[in-house]
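First to last, the protein sequences are chains Z and G. Take 9 as the starting number for the first sequence in our numbering and just add one per residue. Take 2 as the starting number for the second sequence in our numbering and just add one per residue. The structure appears right after this line, and notes come after that.
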Amino acid sequence: MAEIQRHDNRLGIWGWLGGGRWGIERYAYILHRLTGLGILLYFLMHIVVTSLRARGIYLWVEGGFFHRPIFKVGEFLVFAAFAYHAFNGVRLVLVELGFAVGKPIEPVYPYKTSLNVQRPLLIVMMILAAIFLAVGGYEFLGLAK
Amino acid sequence: MPEDSKTVRQIKFHVTRYNPESDGAPYVKTYTIPVREGMTVLDGLHYIKDNVDSTLAWRYSCRMGVCGSCGMLLNGQPTLACNTQILHIAKTDLTVAPLPNFDIIRDLVPDLLSMFDKHRSLKPYVVRADEAEINDPAGEFYQSPEELEAYLQFTYCIKCGCCMAACPTLATDARYLGPMPLAAAERYNVDTRDDGRRQRNQQTGSAHGAFRCHYAGECSRVCPKGVDPAKAIQLLKRKLVLDYLHLARRKKPCQKLHGPGQGKPLPNIPAGPAKTV
Ligand code: SF4
Ligand code: SF4
Ligand code: FES
């Protein structure tokens, strides 16, 4: 029999966004990946910038390149990414170790899933991240001085 | 269709079509059909095939949410065509597409083999040393109702693939085992008759195994049978970690009690009625 042609219907990166019921955990999942990639990118840039001192270039000294306001915003974004990634990460560690997902139950329609069980944890973690961000923002705006 | 059920509305079905012999890529064809109350998407597809376009292909069998053949993407959500009433999800338009994350064989028919191959690789059956006892049982295994409940939910899976279509991890990692096979692995891992967890750990704990899942939970949200594969995967991960750290208790699989029909009923249980056949 001749090989039948198939059409590859894998969603790829769009699958992070499409095909599903759009629960809050999916947004959390996407944001976790994006913040993770963002922090990684920052880390790589950080290594490049600090390694420049080997050539005698100090971009971070008072009045230097990194003292433009745009970097303040960028720094805050890195901080925000960190805060979200850390608190959401704690939730994921707990969930992935089988805490906060509940026991297997008899499925009775309308189905309740482990997502309902862990939702309070998600909410608490997001509140903590928000408090962390607010305190950090206060500091970033220089209000703490 | 019974004469007395009246047409309620004309609904436009936007159906993905693909013929591997003549089409380079899938395209969408629109059919407007009369829809009556209670009509399922599966009924709608039958109407199209019977009255409008006999070349339309899809897969179905039981038409009552049992066989798992008719998983499709309806208005962007993976679900069963036979279990979904048109008027519950469509006012004027309904998009019907094959389940994503699977190759399309033709029209609405996805190639589910990639899922079944992964499923098979996880030994989705009772594994134990005394194999003869499984193949040719000489007695019954004892399992308490509580032990049954530990995996019962995961046995309701009908292998429809809706969870695989919804999973964002699978969308970018074709080799990720996916929610259905992993839930099946957990179903057998916690079965007290089974002794194969450590064998399955080789696959479930691999680079494309359970730890690729980050609990987007879409699998559990779309599952038409309430199987909650996301829960199964997290419980599976917990055991993987415990096994890795050598902290899991080693338990022998439950043993044979007695031959069929030789069990003694508990006291205080009244005798059943006399056999009639
Ligand atoms: S877990 Fe649910 S969605 Fe996935 S294959 Fe089984 S029945 Fe279908
Ligand atoms: S919980 Fe895991 S398996 Fe389920 S959709 Fe999310 S990433 Fe996929
Ligand atoms: S036709 Fe069997 S599940 Fe839909």
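The beta-carbon is built from N, C-alpha and C at its ideal position, and this holds for glycine as well. Computed from a predicted structure; not experimentally measured.
Close partners of H40(Z) in chain G (Cβ separation under 7 Å): H215. Three or more beta-carbon pairs drawn from the stretch 155-164 of chain G and the stretch 183-195 of chain G are found closer than 8 Å, and the two stretches are therefore classed as touching.
Taking 7 Å as the cut-off, the beta carbon of V109(Z) is found closer than this to the beta carbon of V125(Z). Going by beta carbons, V97(G) and M73(G) fall inside the 7 Å limit.
Y245(G) and I21(Z) have their C-alpha atoms spaced approximately 32 Å apart. Under the three-state reduction of DSSP output, Y117(Z) falls in the coil class, being neither helix nor strand. Restricted to the stretch 95-123 of chain G, the beta strand (DSSP E) segments that are unbroken, complete and at least 3 residues in length are 105-107, listed in chain order. When the Cα atoms are used, E148(G) and V127(G) turn out to be separated by approximately 15 Å.
Where H47(G) is concerned, the enclosing alpha helix (DSSP H) starts and stops at 42-48. Assignment of M134(Z) by DSSP, reduced to helix, strand and coil, places it in the helix class. Against chain G, the CB of E104(Z) has a partner CB under 7 Å away; the residue lies at that interface. Cα atoms of L123(Z) and S221(G): separation of roughly 8 Å, rounded to the nearest angstrom.
Under a 10 Å Cβ-count criterion, V69(Z) is classified as exposed, with fewer than 16 other Cβ atoms of the shown protein chains found around its own Cβ. In the DSSP annotation of this structure, the continuous segment of the alpha helix (DSSP H) that includes M53(Z) starts and ends at 32-59. Non-local C-beta neighbours of A166(G) in its own chain, meaning closer than 6 Å and more than five positions away in sequence, comprise P79, L100, P101, N102, ordered along the chain. Taking a beta-carbon distance threshold of 7 Å, E219(G) counts as an interface residue toward chain Z. Out of T193(G), R10(G), Q154(G), S122(G), the CA that lies nearest to the CA of E141(G) is found in T193(G).
The three-state reading of DSSP puts T33(G) in strand, counting E and B together.
Interface residue (Cβ-Cβ distance to chain Z less than 7 Å): Q154(G) is classified as such. Per DSSP, reduced to three states, the secondary structure at F14(G) is strand. Ordered along the chain, residues surrounding ligand 3 are L43(G), Y61(G), S62(G), C63(G), R64(G), M65(G), G66(G), V67(G), C68(G), G69(G), S70(G), C71(G), L81(G), A82(G), C83(G), N84(G), I159(G), C161(G) [Cβ under 7 Å from any heavy atom]. Residue contact check for Q235(G) against chain Z: a CB pair falls below 7 Å. Listed by position along chain G, the residues whose Cβ is nearer than 7 Å to that of V81(Z) form an empty set, because the closest Cβ is around 28 Å away. Contact with chain G is found for P112(Z), since one of that chain's Cβ atoms lies less than 7 Å from the residue's Cβ. In chain order, I113, E114, P115, V116, Y117, P118, Y119, K120, T121 make up the part of chain Z whose C-beta sits under 9 Å from the C-beta of G227(G). Per the coordinates, the alpha-carbon of R213(G) lies some 9 Å from the alpha-carbon of L178(G).
Non-local C-beta neighbours of R18(G) in its own chain, meaning closer than 8 Å and more than five positions away in sequence, comprise D24, P27, Y28, V29, K30, L57, D108, ordered along the chain. Under the Cβ distance rule, G71(Z) does not count among the residues neighbouring chain G, no pair being separated by less than 7 Å. The nearest non-hydrogen atom of ligand 1 is 6 Å or more from the C-beta of K80(Z). In this structure, the straight-line span from the alpha carbon of L39(Z) to that of H215(G) is close to 12 Å. In the displayed model, L258(G) falls within a strand according to three-state DSSP.
For E150(G), the chain Z residues whose Cβ falls inside 9 Å of its Cβ are K111, P112, I113, E114, in order along the chain.
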